[in-house]
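Single-structure report; data block below.
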Amino acid sequence: MPFKTFLHLIAGAALSWGLLCAPVHAEKADKDKPMNIEADNMRHDEGLKLTQFNGNVVAVKGTLVIRADRMEVQEDGKGQQLAQFWAAPKQRVFFRQKREGVDEYTEGEAETAIYDKQADQMTLVQRAEGRILRGTEVANRVTGEKIVFNNTTEVMTVDGQAKGQAANGRGERVRAVITPRKEGTDTAPALAPVLRTSPSLGESKKP
Numbered sequence: 701m702p703f704k705t706f707l708h709l710i711a712g713a714a715l716s717w718g719l720l721c722a723p724v725h726a727e728k729a730d731k732d733k734p735m736n737i738e739a740d741n742m743r744h745d746e747g748l749k750l751t752q753f754n755g756n757v758v759a760v761k762g763t764l765v766i767r768a769d770r771m772e773v774q775e776d777g778k779g780q781q782l783a784q785f786w787a788a789p790k791q792r793v794f795f796r797q798k799r800e801g802v803d804e805y806t807e808g809e810a811e812t813a814i815y816d817k818q819a820d821q822m823t824l825v826q827r828a829e830g831r832i833l834r835g836t837e838v839a840n841r842v843t844g845e846k847i848v849f850n851n852t853t854e855v856m857t858v859d860g861q862a863k864g865q866a867a868n869g870r871g872e873r874v875r876a877v878i879t880p881r882k883e884g885t886d887t888a889p890a891l892a893p894v895l896r897t898s899p900s901l902g903e904s905k906k907p
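Just add 700 to the spot in the sequence shown (first one is 1) and you have this note's numbering.
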């Protein structure tokens, strides 16, 4: 059976999609809920203040769900914690969280994910992708080398891959697909004007 543990690790993991739409926060109740972590095995080093989870990691905090192959939680001398997630080879870390007040979810994938509790910030690195789902349909999608969700500032930033780092040697630009909100679908603020710079990038994963 997978090892299960209950940790009060990360408070305030709510994400916002500040770049693509007016502020609509992640589920507010998630902020004060504990994070429950399930994995095949766990190792804790009290001297290093480091906890490691390995194999089929699933972290759940309210409506926030994170899936990865490996997770580490590092605590510094001030008691602040940094959680880092890694995917298995050729896979990506996956997270999903309900948005406050609407039938929408924020999803993200990358080879590595970092959650900084102090900064209230989620960072996706390498083959990073962020999505908003309205119901079961992907409404907005953005891809880049690095995506940073900052809940404190309500800003999302996306960086492309630098020239010479990509396989084609030309670098990779940020790509986004933004779908306008249909009138009368909900009471959330309307999205920004349509911007379409890339074709569909595939079906959304389910947690």
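Here a beta-carbon is modelled for each residue, glycine too, at the ideal position from N, C-alpha and C. Quick caveat, the model's predicted, so the values are computed rather than measured.
Inter-stretch contact (C-beta, 8 Å, three-pair minimum) for the segment 795-809 and the segment 825-844: yes
Under 8 Å between C-beta atoms of Thr-812 and Val-842: Residue mapping note: residue 812 aligns to position 112 of the sequence shown, counting from 1. Residue mapping note: residue 842 aligns to position 142 of the sequence shown, counting from 1. Not closer than 8 Å, so no.
Length at least 3, wholly inside the segment 796-850: the beta strand (DSSP E) runs in chain order: Whole beta strand (DSSP E) segments, 3+ residues: 804-810, 812-816, 821-834 and 837-850.
Cβ-Cβ separation, Val-877 to Leu-850 (assumed contact under 8 Å), whole Å: Reading the sequence shown from its first residue, position 150 is the one you call residue 850. Reading the sequence shown from its first residue, position 177 is the one you call residue 877. As written in the sequence, residue 850 is Asn, which differs from the Leu given in the question. By a beta-carbon distance limit of 8 Å, Asn-850 does not contact Val-877. Their separation comes to about 22 Å.
Length of the line joining the Cα atoms of Ile-847 and Ala-768: Translated into positions along the sequence shown, residue 847 becomes position 147. Translated into positions along the sequence shown, residue 768 becomes position 68. Taking the straight line joining both Cα atoms gives about 17 Å.
Same chain, Cβ closer than 6 Å to Val-758, neighbours up to 5 away in sequence not counted: Residue numbering aside, residue 758 sits at position 58 when the sequence shown is read from its first letter. Cβ neighbours of Val-758 beyond the five flanking positions: Glu-738 and Arg-767.
Short Cβ contact (8 Å threshold) for Val-765 with Phe-785: Here residue 765 refers to the residue found at position 65 when the sequence shown is read from its first residue. Here residue 785 refers to the residue found at position 85 when the sequence shown is read from its first residue. No, they are not a contact pair.
Simplified DSSP assignment, three categories, for Asp-776: Within the sequence shown, residue 776 is the residue found at index 76, counting from 1. Asp-776: coil per DSSP, three-state reduction.
Cβ distance (whole Å) where Lys-733 is taken to contact Gly-779 below 8 Å: On the sequence shown, position 33 is the one that residue 733 refers to. On the sequence shown, position 79 is the one that residue 779 refers to. Lys-733 to Gly-779, Cβ: 19 Å. No contact.
Same chain, Cβ closer than 6 Å to Asn-931, neighbours up to 5 away in sequence not counted: A query on residue 931 cannot be resolved here, the shown segment of the chain reaching from 701 to 907 and no further.
Backbone secondary structure at Asp-859 - three-state DSSP: As a working mapping, residue 859 is identified with position 159 in the sequence shown. Three-state DSSP puts Asp-859 in a strand.
Buried versus exposed call for Asp-745 [16 or more other C-beta atoms within 10 Å across all chains shown]: Taking the sequence shown and counting its residues from 1, one reaches residue 745 at position 45. When all chains shown are included, Asp-745 counts as exposed.
Tyr-815 versus Thr-836, Lys-882, Lys-798 and Glu-772, residue with shortest Cα-Cα distance: The residue labelled residue 815 in the question sits at position 115 within the sequence shown. By alpha-carbon distance to Tyr-815, the top candidate from Thr-836, Lys-882, Lys-798 and Glu-772 is Glu-772.
Residues sharing a beta bridge with Leu-750, DSSP: In the sequence shown, counting from the first residue as 1, residue 750 sits at position 50. Leu-750 is bridged to Asp-745 and Gln-774.
Buried/exposed call for Ser-898, threshold 16 Cβ in 10 Å: As a first step, residue 898 must be located in the sequence shown, where it is residue number 198. Low local confidence applies: a pLDDT of 38 at Ser-898 is under 50, so the model's placement there is unreliable, with the coordinate-based value given in what follows. Counting Cβ neighbours within 10 Å, Ser-898 comes out exposed, since fewer than 16 surround it.
Cα-Cα separation between Gly-860 and Thr-751, rounded to whole angstroms: Within the sequence shown, residue 860 is the residue found at index 160, counting from 1. Within the sequence shown, residue 751 is the residue found at index 51, counting from 1. Cα to Cα, the separation comes out at about 32 Å.
Sequence-distant residues of the same chain with beta carbon closer than 7 Å to Arg-873, five excluded per side: As a first step, residue 873 is located in the sequence shown; it is residue number 173 there, counting from the start. Here the set comprises Gly-860.
Beta-carbon gap between Gln-791 and Gln-781 smaller than 8 Å: To locate residue 791, count along the sequence shown from 1; it is residue 91. To locate residue 781, count along the sequence shown from 1; it is residue 81. It is not a contact, given that the beta carbons lie outside the stated cut-off.
Other residues of its chain near Lys-749: CB distance less than 6 Å, five sequence neighbours each side excluded: Residue mapping note: residue 749 aligns to position 49 of the sequence shown, counting from 1. Beyond the five residues adjoining it in sequence on each side, Lys-749 comes within less than 6 Å, by CB distance, of Glu-775 in the same chain, given in chain order.
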